[in-house]
Each structure stands twice: as C-alpha cells, then as structure tokens.
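Enquirer:
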Amino acid sequence: MRYHFSKYHGAGNDLIIIDDRPAQFPESRELIQKICHRNYGIGSDGLILLREDPLADYRMVFFNPDGNQVAMCGNGIRCLVHFLHKLGIEKSIYHIATVKKVYPCRHLGEKVAVNMGAPQILQWDYAISDGQRFWKCYVVDSGVPHAIIFTSDLAKEDVGGQGKIIRNLACFSPEGVNVSFIHVTSSDCMHIRTYERGVEAETLACGTAATAASFVARKLGLLSSKVEVFPLSREKIEINFHSGDKEEEVEMIGQATCVYQAVVDME
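Count along the sequence shown from 1, then add 47; that gives the number in the working numbering.
1) With distances taken from CA atoms, which of Thr255, Glu275, Pro278 and Val306 is nearest Pro166?
2) Rounded to a whole number of angstroms, what is the C-alpha to C-alpha distance between Tyr307 and Tyr50?
3) Would you call the CB atoms of Asn162 and Asn122 closer than 7 Å?
4) What does the alpha-carbon distance come out to for the pair Met237 and Asp205?
5) Does DSSP put Ala248 in a helix, in a strand, or in coil?
6) In terms of residues, what are the limits of the alpha helix (DSSP H) holding Ile212?
7) Looking at the strands, I want to know which residues DSSP matches up with Asn60.
8) Excluding five sequence neighbours on each side, which residues of the same chain lie with their C-beta closer than 6 Å to the C-beta of Gly190?
9) To which residues does DSSP link Val276 through a beta bridge?
10) Which residues does DSSP list as the beta-bridge partners of Ser227?
11) Are three or more beta carbon pairs between the stretch 108-115 and the stretch 239-253 nearer than 8 Å?
12) What ranges does the beta strand (DSSP E) occupy inside the stretch 62-109, keeping only unbroken runs of at least 3 residues that lie completely in it?
13) Taking Leu169 as part of the beta strand (DSSP E), name the residues at either end of that continuous run.
14) Could you tell me the distance, in whole angstroms, from the CA atom of Arg68 to the CA atom of Ser233?
15) Between Ser53 and Cys305, which are expected to be in contact by the criterion C-beta below 8 Å, what is the C-beta distance as a whole number of angstroms?
16) Hey, Tyr55 and Ala303 are a contact pair by Cβ (cut 8 Å); roughly how many whole angstroms apart?
17) Over the uninterrupted alpha helix (DSSP H) stretch that includes Val146, give me the two end residues.
18) Rounding to the nearest angstrom, what Cα-Cα distance links Trp171 and Ala264 in this structure?
19) Give me the Cα-Cα distance between Asp200 and Ile229, rounded to the nearest whole angstrom.
20) Would you decide whether Glu282 is buried or exposed? Buried here means 16 or more other CB atoms lie within 10 Å of its CB.
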C-alpha cells in the first residue's frame with residue numbers, strides 16, 4: 048500500500064509523519080517496524096499519525112521504531128504542530144491530544160512551544176544496581192518515564208551500554224525506562240545524552256528527556272527559570288519554568304524541520 052509521508056526532525060530526533068485523519072493506517076507492529084527501519088524502510092526514531100480528536104484540535108498517535116505505541120514524544124509534538132501549520136491549519140494555540148493528556152502548543156515561526164505541564168515524580172534519589180555497578184537516579188514522568196543520572200564528564204559516559212542495562216533493570220519492568228545522563232554547566236545551561244527505549248539506542252535528542260532532566264535539576268536548585276539544553280546533536284532546546292496550580296510547569300521550545308515529503312509503498 049502507498050503512504051504519503053513527511054520526514055521531520057526536531058533537534059536531530061528524526062520522525063515520520065502521516066496524515067491519517069481518515070484513520071485508515073493499519074496499526075500493524077510489523078509494518079511500523081519496517082517503515083522505521085533504517086536499512087529496509089524509511090528510517091526514523093518514530094512514527095506519528097495525525098488523527099482527529101473529539102476533545103482537542105487533533106490527536107498525535109506516536110509509535111516507537113519497535114512498533115509499540117507510547118504516550119508522548121516531545122520533539123514529535125513540535126514537528127506535528129509544524130506539519131499542521133504547513134497544511135495551512137493556523138491557530139494561536141494548537142491543542143494536541145495524546146494517550147494521557149492534551150498539550151497546548153504555539154507555532155513560533157521556525158520554532159514550536161509546548162506546555163509540557165508539571166512532570167510527575169516516580170522515584171527520587173533512587174539507588175539502582177545491576178549487581179556490579181550502582182547508579183543514583185531521579186525517575187520522573189514527563190509524558191513517558193525517564194531515569195535521570197548526573198555526571199561530571201558526559202563525553203566519557205557509555206550511554207548506549209549503560210542505558211541498555213538500566214532500561215532493562217527489573218525495577219523498571221515491564222515497560223522499561225528512558226535513561227539520560229546530564230551535566231549542568233551553569234544555572235542556565237545543561238548538556239544531556241539519552242538512551243531511548245523503543246529505539247533501543249542513544250538518540251541525537253529527546254524532548255521529554257530535556258523536560259524531565261530540567262525539572263529534576265530545577266528541583267535540586269541547580270537551574271534558573273530559563274534554561275538552554277544541549278543534546279547530542281548540539282541543537283538547542285529551550286526550557287522555561289512557569290508557575291502552575293501546584294507545581295511549576297515546563298514549557299519546551301525548539302525547532303521543527305521538514306526534511307522532505309515522499310510516498311512509500313510497503314505492506
């Protein structure tokens with residue numbers, strides 16, 4: 048079957064977007080794996096389906112390359128808003144529904160701002176081990192769960208190796224966890240590297256990781272209310288903190304880039 052798609056990236060996190068407002072795309076795990084495969088398909092860190100939603104402007108349905116649907120992709124929602132704007136759908140605020148909640152988003156020219164809300168603390172100052180090594184982490188849900196680990200030398204961290212081990216620890220089963228190593232260089236700057244579950248590798252960027260890590264560092268008194276986050280791609284993600292009903296809420300701002308549009312024929 049032929050599918051029209053747009054290839055996007057947000058801070059280097061590359062994604063496929065399909066306009067599926069008729070809701071006809073077959074949510075086959077095997078098909079999604081094939082489409083996202085970098086050798087046998089288009090290749091991406093995830094697949095986004097644009098759908099209609101009765102309670103919001105639109106719905107983002109997001110799949111990891113392993114074919115599993117997950118609740119949120121921070122870079123992905125920015126790309127989807129850019130995609131909507133490119134379709135000629137212009138709104139002052141786009142309300143995008145996901146599995147868990149509705150996110151208010153603003154199109155700002157080359158950038159998109161997303162109100163990520165207040166991340167949920169799952170485990171704080173949490174000691175984990177694989178029986179040989181120990182890590183201290185902070186586990187928060189910023190749409191999807193993230194384990195945040197501080198390091199003084201980000202370049203030397205084996206993010207792929209350690210991330211895979213931590214992601215699969217029994218304490219995070221059955222769904223696993225995304226794993227980020229972070230280094231706060233000043234009160235307004237942080238560097239981050241992330242191992243993403245479902246991709247099962249380190250990625251160039253992760254928007255929910257930038258949100259989660261900034262939230263943790265802010266809670267620990269290490270960051271101001273406006274922060275620049277630099278992932279592996281070195282493409283800046285801006286994080287702003289605003290007063291919320293109970294907790295400070297996080298606004299994530301970053302670029303969304305359409306790389307190309309094409310048609311793929313896959314079964």
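We treat Cβ as the ideally placed atom computed from N, Cα and C, and that holds for glycine. Model, not experiment: these values are computed from the prediction.
Expert: Straight from the coordinates:
1) The sequence position of residue 166 within the sequence shown is 119, counting from 1. Among Thr255, Glu275, Pro278 and Val306, the Cα nearest to that of Pro166 is on Thr255.
2) Here the question's residue 307 lines up with position 260 in the sequence shown. Here the question's residue 50 lines up with position 3 in the sequence shown. Looking at the two C-alpha atoms, the distance is approximately 14 Å.
3) Counting from 1 along the sequence shown, the entry for residue 162 is found at position 115. Counting from 1 along the sequence shown, the entry for residue 122 is found at position 75. Contact flag unset, no.
4) Taking the first residue of the sequence shown as position 1, residue 237 is located at position 190. Taking the first residue of the sequence shown as position 1, residue 205 is located at position 158. Going from the Cα of Met237 to the Cα of Asp205 covers about 18 Å.
5) Numbered from 1 along the sequence shown, position 201 holds the residue referred to as residue 248. In this structure, Ala248 counts as strand in the three-state DSSP scheme.
6) Residue mapping note: residue 212 aligns to position 165 of the sequence shown, counting from 1. Here the alpha helix (DSSP H) through Ile212 covers Val206 to Arg214.
7) Within the sequence shown, numbered from 1, the residue matching residue 60 stands at position 13. DSSP output for Asn60 lists Gly57 as bridge partner(s).
8) If you number the sequence shown from 1, residue 190 lands on position 143. Excluding residues within five positions, the ones whose Cβ falls inside 6 Å are Ala118, Met119 and Thr255.
9) Taking the first residue of the sequence shown as position 1, residue 276 is located at position 229. Note: Val276 sits in a beta bridge opposite Met237 and Ile284.
10) For the purposes of this step, residue 227 is taken as residue 180 along the sequence shown, with counting starting at 1. Ser227 pairs with Ile195 and Thr241.
11) yes
12) 94-98
13) Along the sequence shown, read from residue 1 onward, the residue named residue 169 stands at position 122. From DSSP, the beta strand (DSSP E) with Leu169 extends over Gln167 to Ser176.
14) Within the sequence shown, the letter at position 21 stands for residue 68. Within the sequence shown, the letter at position 186 stands for residue 233. Their Cα atoms are separated by approximately 44 Å.
15) Translated into positions along the sequence shown, residue 53 becomes position 6. Translated into positions along the sequence shown, residue 305 becomes position 258. Yes, Ser53 and Cys305 are in contact; Cβ-Cβ is about 6 Å, under 8 Å.
16) In the sequence shown, the residue the question calls residue 55 occupies position 8. In the sequence shown, the residue the question calls residue 303 occupies position 256. Yes, Tyr55 and Ala303 are in contact; Cβ-Cβ is about 6 Å, under 8 Å.
17) Within the sequence shown, residue 146 is the residue found at index 99, counting from 1. Looking at the DSSP string, Val146 is not in any alpha helix (DSSP H), and its letter there is neither H nor E.
18) Mapped onto the sequence shown, residue 171 falls at position 124. Mapped onto the sequence shown, residue 264 falls at position 217. Taking the straight line joining both Cα atoms gives about 12 Å.
19) As a working mapping, residue 200 is identified with position 153 in the sequence shown. As a working mapping, residue 229 is identified with position 182 in the sequence shown. Between Asp200 and Ile229, the C-alpha separation is close to 9 Å.
20) On the sequence shown, residue 282 is found 235 positions in, with the first residue counted as 1. By the 10 Å Cβ count, Glu282 comes out buried.
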